[in-house]
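Quick mapping for you: the protein sequence lines, in order, are chains A and X. The numbering of the first sequence is numbering that gives the first Met the number 0, which starts it at 0 and goes up by one. The numbering of the second sequence is numbering that gives the first Met the number 0, which starts it at 0 and goes up by one. Using N, Cα and C, we set each Cβ at its ideal position, and we do this for glycine too. Written out below as structure tokens is the structure these notes cover.
2 protein chains.
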Amino acid sequence: MEKKIITISRQFGSGGRTVGRMVASKLGIPFYDKDLVNQIALESGFAPKFVEENGEQAPGLSRLSYAFAPQGVPGVMNGLSTADFLWNIQCGVILQLAEKGPCVIVGRNADYILKDREDTLNVFIYADKDFRAERIVRLYGESEKSPEARLNEKDKRRRVNYQHYTGRTWGMAENYDASLNTSVLGVENCADLIIKMVEDSKE
Amino acid sequence: MEKKIITISRQFGSGGRTVGRMVASKLGIPFYDKDLVNQIALESGFAPKFVEENGEQAPGLSRLSYAFAPQGVPGVMNGLSTADFLWNIQCGVILQLAEKGPCVIVGRNADYILKDREDTLNVFIYADKDFRAERIVRLYGESEKSPEARLNEKDKRRRVNYQHYTGRTWGMAENYDASLNTSVLGVENCADLIIKMVEDSKE
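Here it is as structure tokens:
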């Protein structure tokens, strides 16, 4: 079965977004990450920054409040929590994007949302903690918290969010078609490995 | 860091052994699987068939008994359980094999045993349950138990053994440098992906 949609789930700081962008660029297909977030935001009426910060949180960890919701939204939300409301919108947007044609989608549990499409290749990108710590300081700068604390916090958010919405354990190989460690294999090499998987699927 | 030793951990019926044999053959390096078991057996004095059946069991699940041990072994074992005694011998054999030069080692928790060697590439091979069920019936024939029951039993043994001796959770992507699903990617394609990883590591 030819793989046309590539989803990338990634640990914070692993270079997963970069891998996804490289794959999309080399294959000449659309790449959805922040653009996706913005589209979700436009549909929901939430501010893009708000969606970006809260779109990968599970309700339990969330500091969401109706106070941040756009005017009129509480009525539209039909009694759903803000997180569940966002989740529903994300599902709809991701299903529509996949319908439009070949693409790379990073994050947002797209692997799970598209689980009924056999033309989807689901990849998990991760890396050793030292590599990720060095990378987040280089790319996003220093902060009050140590790089390790920032990694632990983000990892926990994604783990809880994934578990909550998919019922699966975050980081288990079986959730994906392939898992690749960028700190061992190299970021660009991982992109090339994914491209080989896509090419092989055409045979 | 150039990867010279390739370890393959695999789900029963996933084709992991075949992938390992293909990688070794294409790279022209030794392949250790049953040969390894036999060597362990010779060193321990246990019968090869006995080692093969019990080498991937954890003590709790094991039906091992000193009654099966070769003459004189209980004294040599220094109070270790038979399973722990086998584990110690396995560690020694695998460390020696890796010292001898490039090779592919399938199973026996070699990924963990060689964790201090940076020239080791650790790969996890798995597959969807239907693919594995069809494969074990084709390769190993029917048995009294259903294919699903045989898979569940073997999976449980490997999971418990791995957890017991490594303290890690079996099947987590982070335990390995790469994880590949043969039922999605294809057995021979997985071998080629591993060869690409080895080639890339020389750059």
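Which residue marks the beginning of the alpha helix (DSSP H) containing residue i, and which one marks its end?
i, result
"Tyr139/A", "128–139"
"Leu192/X", "186–199"
"Asp154/X", "146–165"
"Ala109/X", "109–112"
"Met245/X", "Missing from the structure shown is residue 245/X; chain X here goes from 0 to 202 and no further."
Does at least one heavy atom of the ligand FMN sit under 7 Å from the Cβ of residue i?
i, result
"Lys99/X", "You won't find the ligand FMN in this model; it holds no ligand whatsoever."
Do residue j and residue i come within 8 Å of each other at the CB atom, strictly closer than that value?
i, j, result
"Leu94/X", "Ile4/X", "no"
"Gly91/A", "Asp32/A", "no"
"Ala97/A", "Arg116/A", "yes"
"Lys25/X", "Ile194/X", "yes"
"Gln10/X", "Ala126/X", "yes"
"Ala109/A", "Thr6/A", "yes"
"Gly12/X", "Leu150/X", "yes"
"Leu85/X", "Ser43/X", "yes"
Among the residues of its own chain, which have a CB less than 6 Å from the CB of residue i, if the five just before and after it don't count?
i, result
"Ser200/A", "Glu1, Lys2"
"Phe123/X", "Ser8, Tyr175, Ser178"
"Pro146/X", "Ala132, Ile135, Val136"
"Gln38/A", "Val92"
"Pro101/A", "Lys3, Ile28"
"Asn121/A", "Thr6, Asp110, Tyr175, Asp176"
"Val197/X", "Lys2"
"Phe130/X", "Ser182"
Would you give the residue range spanned by the beta strand (DSSP E) that residue i belongs to?
i, result
"Phe123/X", "119–125"
For chain D, is any of its Cβ atoms less than 8 Å away from the one on residue i?
i, result
"Met171/X", "Given the protein chain composition of this structure (A and X), no chain D is represented."
DSSP puts residue i in a beta bridge; with which residues?
i, result
"Glu8/X", "For the record, residue 8/X in the displayed sequence is Ser; it is not Glu. Answer is Phe123/X."
"Ile104/X", "Thr6/X, Tyr31/X"
Once DSSP output is grouped into helix, strand and coil, what is the label at residue i?
i, result
"Leu79/A", "coil"
"Leu179/X", "strand"
"Met0/A", "coil"
"Ile39/X", "helix"
For residue i, I'd like the list of residues in its chain whose CB is within less than 7 Å of its CB, leaving aside the five on either flank, ordered along the chain.
i, result
"Trp169/X", "Arg157, Arg158, Tyr161, Gln162"
"Arg62/A", "Its pLDDT being 40, under 50, Arg62/A is placed unreliably in this model, and the coordinates cannot settle the point."
"Asp191/A", "none"
"Arg16/X", "Arg9, Asp32, Val105"
"Arg20/A", "Phe30"
"Val22/A", "Ile5, Val103, Ala190, Ile193, Ile194"
Kindly list the residues whose CB is nearer than 8 Å to the CB of residue i, restricted to its own chain and excluding five residues on each side of it in sequence; keep chain order.
i, result
"Glu152/X", "Lys144"
"Leu79/A", "Asn87"
"Val186/X", "Gly14, Thr17, Val18, Met21"
"Arg167/A", "Tyr111, Tyr161, Asn174"
"Tyr164/A", "Ala57, Trp86, Asn108, Tyr111"
"Glu202/A", "none"
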